[in-house]
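Novice: Input: one structure, supplied below.
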Amino acid sequence: MAKTPEMNSDFARWYADAFMDEGPIRTRRWKGVVDTATAADYWMVEVLVRYAFATTAPADGGKNEALTKKHQALLTSISGNGSPLDPAESRRELQILSAAVLTRLFARLPDAAIAVLNASFGGMRTAELPMDLVGLAKKAVVEFSRKKHERPNPKEFVIEPSTVDFEVSAEALADMSPAQWKLELDGLRDSTREALGEIIDKQNHVTKRLIRQISLGEEELQMLWWLIGAHSWIVDAPFTDVDAALKPLVFSKELGGITNISPGPASVTALLSRAGVTGDALMVSDSVNAADISWSRDITKSTRISPVTTPLHFALEKRVEVGSDDAWLPVWASMTGLPADASMAAVQLAELFYREHLFLSVGN
Numbered sequence: 202m203a204k205t206p207e208m209n210s211d212f213a214r215w216y217a218d219a220f221m222d223e224g225p226i227r228t229r230r231w232k233g234v235v236d237t238a239t240a241a242d243y244w245m246v247e248v249l250v251r252y253a254f255a256t257t258a259p260a261d262g263g264k265n266e267a268l269t270k271k272h273q274a275l276l277t278s279i280s281g282n283g284s285p286l287d288p289a290e291s292r293r294e295l296q297i298l299s300a301a302v303l304t305r306l307f308a309r310l311p312d313a314a315i316a317v318l319n320a321s322f323g324g325m326r327t328a329e330l331p332m333d334l335v336g337l338a339k340k341a342v343v344e345f346s347r348k349k350h351e352r353p354n355p356k357e358f359v360i361e362p363s364t365v366d367f368e369v370s371a372e373a374l375a376d377m378s379p380a381q382w383k384l385e386l387d388g389l390r391d392s393t394r395e396a397l398g399e400i401i402d403k404q405n406h407v408t409k410r411l412i413r414q415i416s417l418g419e420e421e422l423q424m425l426w427w428l429i430g431a432h433s434w435i436v437d438a439p440f441t442d443v444d445a446a447l448k449p450l451v452f453s454k455e456l457g458g459i460t461n462i463s464p465g466p467a468s469v470t471a472l473l474s475r476a477g478v479t480g481d482a483l484m485v486s487d488s489v490n491a492a493d494i495s496w497s498r499d500i501t502k503s504t505r506i507s508p509v510t511t512p513l514h515f516a517l518e519k520r521v522e523v524g525s526d527d528a529w530l531p532v533w534a535s536m537t538g539l540p541a542d543a544s545m546a547a548v549q550l551a552e553l554f555y556r557e558h559l560f561l562s563v564g565n
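First residue of the sequence shown? That's 202 in the numbering used here, and the numbers climb one at a time after it.
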């Protein structure tokens, strides 16, 4: 079992300030945070975000079996001692510990940062935490975009020669018996196999980097052609003819469809702006109601749609289920805890929907 790293100074301060504890309990909780972050995946991120934001949607997932299993695993792992925490008695502690796990995940898991930004819904959903969780998530997304779109150094594609580390032993030279030389040949075989294994590993690494670079190049090219072409394939109309209320959803979904690597390029907002998505305020309900019902049904088939981390997709899903432009809204507001009259800049809405698409369909 890997050794737990030294306690992060930020975590030490957060926990001590919140619970006046600098002793063994804090140490166990730190181990729990590290262990949970090490094993965390998409579903665990969903549970963590629900706890961190103390959302209306239950962290245990209700009838969602996948979330229920992850929730139980979280309660056990995050305690740091193998005994599950009681959500009823430790809700505040679970909130802060979950946020601490998310901050660790910001170093390796784009989905964690994206989920936090999606859940904050442009600042309409907030959390009382000892850290600026949303601010840290924004920085993480920027850093992920920079690192994942960074051009590799050509030297990384040069494969250094491997050597066969083998010499005939003195015993074999002195004793020319078949048995002794069989041992020598076996040793030569093993050394050669090891050297070939090194070459294959290096070649696979280079191939993986090349495939990734080709994928990034294709992504950038397709985005450029999309912008130059200025024609929506979802609506089958020029950008200028698309309803202003629909542009944020349609344009961001089209950009998401040609994004291969999350969290996408840093230029997404600029691309959406150049495509004609403005900074004017737009009601969420107006944008959702502007979408074609058939299209909305097609893009909300995922079982991972959530009122917390994908609230816009959840709104489209509720509208399809209810079959009305009005009746879905109070249901959505009740289940998300967000205001029914929510509005934001159209380009901000588009970026949010783009991030939701990445969270649902692209991953890390």
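Yeah, the Cβ is synthetic: ideal placement off N, Cα and C, and Gly gets one too.
What you are looking at is a predicted structure, and each value in this text was computed from that prediction instead of being measured.
(1) Put Met484 into one of helix, strand or coil per three-state DSSP.
(2) Taking contact to mean at least 3 C-beta pairs separated by less than 8 Å, is the region 268 to 280 in contact with the region 519 to 532?
(3) Rounded C-beta distance between Leu517 and Ile500? I'm assuming under 8 Å.
(4) Among the residues of its own chain, which have a CB less than 7 Å from the CB of Asp242, if the five just before and after it don't count?
(5) So the alpha helix (DSSP H) Met536 belongs to, where does it begin and stop?
(6) Using the rule of at least 16 other Cβ atoms within 10 Å of the residue's Cβ for burial, across every protein chain shown, is Gly457 buried or exposed?
(7) According to the Cβ coordinates, are Ser320 and Phe212 closer than 8 Å?
(8) Give me the DSSP bridge partner(s) of Ala543.
(9) Does the separation of the CB atoms of Ala308 and Trp215 fall below 8 Å?
(10) If you reduce the DSSP assignment to three classes, tell me which class Ile558 lands in.
(11) Give the DSSP-derived three-state secondary structure of Ser433 in the structure shown.
(12) I'd like to know whether the C-beta atoms of Ala491 and Asp437 end up nearer to each other than 8 Å.
(13) Can you tell me whether Arg475 is buried or exposed, with buried defined as 16 or more other CB within 10 angstroms of its CB?
(14) For a quick check, are the C-beta atoms of Ile429 and Glu455 less than 8 Å apart?
(15) Work out the CA separation of Lys409 and Asp391 for me, nearest whole Å.
(16) Can the beta-carbon of Ser463 be found less than 8 Å from the beta-carbon of Gly538?
(17) Rounded to whole angstroms, what is the Cα-Cα separation between Val478 and His432?
(18) Do you know how far the Cα of Ser416 is from the Cα of Gln423?
(19) Within the region 334 to 377, note down every full alpha helix (DSSP H) run reaching 4 residues or more, in order along the chain.
(20) For the region 346 to 358 and the region 316 to 335, state whether three or more C-beta atom pairs, one from each stretch, are separated by less than 8 Å.
(21) Using a Cβ distance threshold of 8 Å, determine whether the region 275 to 285 contacts the region 223 to 234, with at least three qualifying pairs required.
(22) Report the start-end ranges of each alpha helix (DSSP H) in the region 424 to 470 that is 4 residues or longer and not cut off at the edges.
(23) With a Cβ-Cβ cutoff of 8 Å, do Asp487 and Ala546 count as a contact?
(24) Nearest by alpha-carbon distance to Leu483: which of Ser497, Thr237, Leu550 and Thr470 is it?
(25) For Phe322 and Leu553, I'd like the C-alpha separation in whole angstroms.
(26) Take Gly324 as the anchor and find which of His558, Ser495, Gly398 and Ala543 has the nearest alpha-carbon.
(27) Ser562 and Glu247: beta carbons closer than 8 Å?
(28) Is the beta carbon of Arg556 sitting closer than 8 Å to the one on Ile315?
(29) Just to confirm, are Trp496 and Phe515 a CB contact at a threshold of 8 Å?
(30) For the alpha helix (DSSP H) containing Thr239, list its first residue and its last residue.
(31) Rounded to whole angstroms, what is the Cα-Cα separation between Ile494 and Val451?
(32) Using a Cβ-Cβ cut-off of 6 Å (strictly less than) and excluding sequence neighbours within five positions of Asn461, which residues of its own chain qualify?
Specialist: So, from the data block:
(1) Residue numbering aside, residue 484 sits at position 283 when the sequence shown is read from its first letter. In this structure, Met484 counts as strand in the three-state DSSP scheme.
(2) no
(3) For this step, residue 517 is matched to residue 316 along the sequence shown. For this step, residue 500 is matched to residue 299 along the sequence shown. Right, the Cβ-Cβ distance comes to about 7 Å (below 8 Å), so this counts as a contact.
(4) Your numbering for residue 242 matches position 41 in the sequence shown. Excluding positions up to five away in sequence, the list is empty.
(5) The sequence position of residue 536 within the sequence shown is 335, counting from 1. Trp529 to Thr537 is the extent of the alpha helix (DSSP H) around Met536.
(6) The residue given as residue 457 occupies position 256 in the sequence shown. Gly457 comes out buried.
(7) Looking up residue 320 in the sequence shown gives position 119. Looking up residue 212 in the sequence shown gives position 11. The question names Ser, but residue 320 in the sequence shown is Ala. No, Cβ-Cβ distance for Ala320 and Phe212 is not below 8 Å.
(8) Here the question's residue 543 lines up with position 342 in the sequence shown. None; Ala543 has no bridge partner.
(9) In the sequence shown, the residue the question calls residue 308 occupies position 107. In the sequence shown, the residue the question calls residue 215 occupies position 14. Cβ atoms of Ala308 and Trp215: not closer than 8 Å.
(10) Walking along the sequence shown from the start, residue 558 turns up at place 357. As written in the sequence, residue 558 is His, which differs from the Ile given in the question. Helix.
(11) Locating residue 433 in the sequence shown gives position 232, counting from the first residue. Ser433 falls in the strand class under three-state DSSP.
(12) Position 290 of the sequence shown, counting from 1, holds the residue named residue 491. Position 236 of the sequence shown, counting from 1, holds the residue named residue 437. Contact flag unset, no.
(13) Here residue 475 refers to the residue found at position 274 when the sequence shown is read from its first residue. Exposed, since its Cβ has fewer than 16 Cβ neighbours within 10 Å.
(14) By one-based count along the sequence shown, residue 429 stands at place 228. By one-based count along the sequence shown, residue 455 stands at place 254. Cβ atoms of Ile429 and Glu455: not closer than 8 Å.
(15) Within the sequence shown, residue 391 is the residue found at index 190, counting from 1. Within the sequence shown, residue 409 is the residue found at index 208, counting from 1. In a straight line, the C-alpha of Asp391 is about 27 Å away from that of Lys409.
(16) Against the sequence shown, residue 463 aligns to sequence position 262. Against the sequence shown, residue 538 aligns to sequence position 337. No, these two residues do not count as a Cβ contact at 8 Å.
(17) In the sequence shown, residue 478 corresponds to position 277, counting from 1. In the sequence shown, residue 432 corresponds to position 231, counting from 1. Distance between the alpha carbons of Val478 and His432: 14 Å.
(18) For the purposes of this step, residue 423 is taken as residue 222 along the sequence shown, with counting starting at 1. For the purposes of this step, residue 416 is taken as residue 215 along the sequence shown, with counting starting at 1. In a straight line, the C-alpha of Gln423 is about 11 Å away from that of Ser416.
(19) 334 to 349 and 371 to 375
(20) no
(21) yes
(22) 448 to 458
(23) As a working note, residue 487 is residue 286 in the sequence shown. As a working note, residue 546 is residue 345 in the sequence shown. No, Cβ-Cβ distance for Asp487 and Ala546 is not below 8 Å.
(24) On the sequence shown, residue 483 is found 282 positions in, with the first residue counted as 1. Considering only alpha carbons, the answer is Leu550.
(25) Taking the sequence shown and counting its residues from 1, one reaches residue 322 at position 121. Taking the sequence shown and counting its residues from 1, one reaches residue 553 at position 352. For Phe322 and Leu553, the distance between alpha carbons rounds to 8 Å.
(26) If you number the sequence shown from 1, residue 324 lands on position 123. Checked all of His558, Ser495, Gly398 and Ala543; the closest Cα to Gly324 is Ala543.
(27) As a first step, residue 562 is located in the sequence shown; it is residue number 361 there, counting from the start. As a first step, residue 247 is located in the sequence shown; it is residue number 46 there, counting from the start. It is not a contact, given that the beta carbons lie outside the stated cut-off.
(28) Counting from 1 along the sequence shown, the entry for residue 556 is found at position 355. Counting from 1 along the sequence shown, the entry for residue 315 is found at position 114. Yes, the pair counts as a contact, with Cβ atoms nearer than the cut-off.
(29) As a working note, residue 496 is residue 295 in the sequence shown. As a working note, residue 515 is residue 314 in the sequence shown. Taking 8 Å as the Cβ cut-off, Trp496 and Phe515 do not qualify as a contacting pair.
(30) Reading the sequence shown from its first residue, position 38 is the one you call residue 239. Residues Pro225 to Ala240.
(31) Numbered from 1 along the sequence shown, position 293 holds the residue referred to as residue 494. Numbered from 1 along the sequence shown, position 250 holds the residue referred to as residue 451. Rounded to whole angstroms, Ile494 to Val451 spans 13 Å at the Cα level.
(32) Numbered from 1 along the sequence shown, position 260 holds the residue referred to as residue 461. The answer, listed in chain order, is Ser416 and Glu420.
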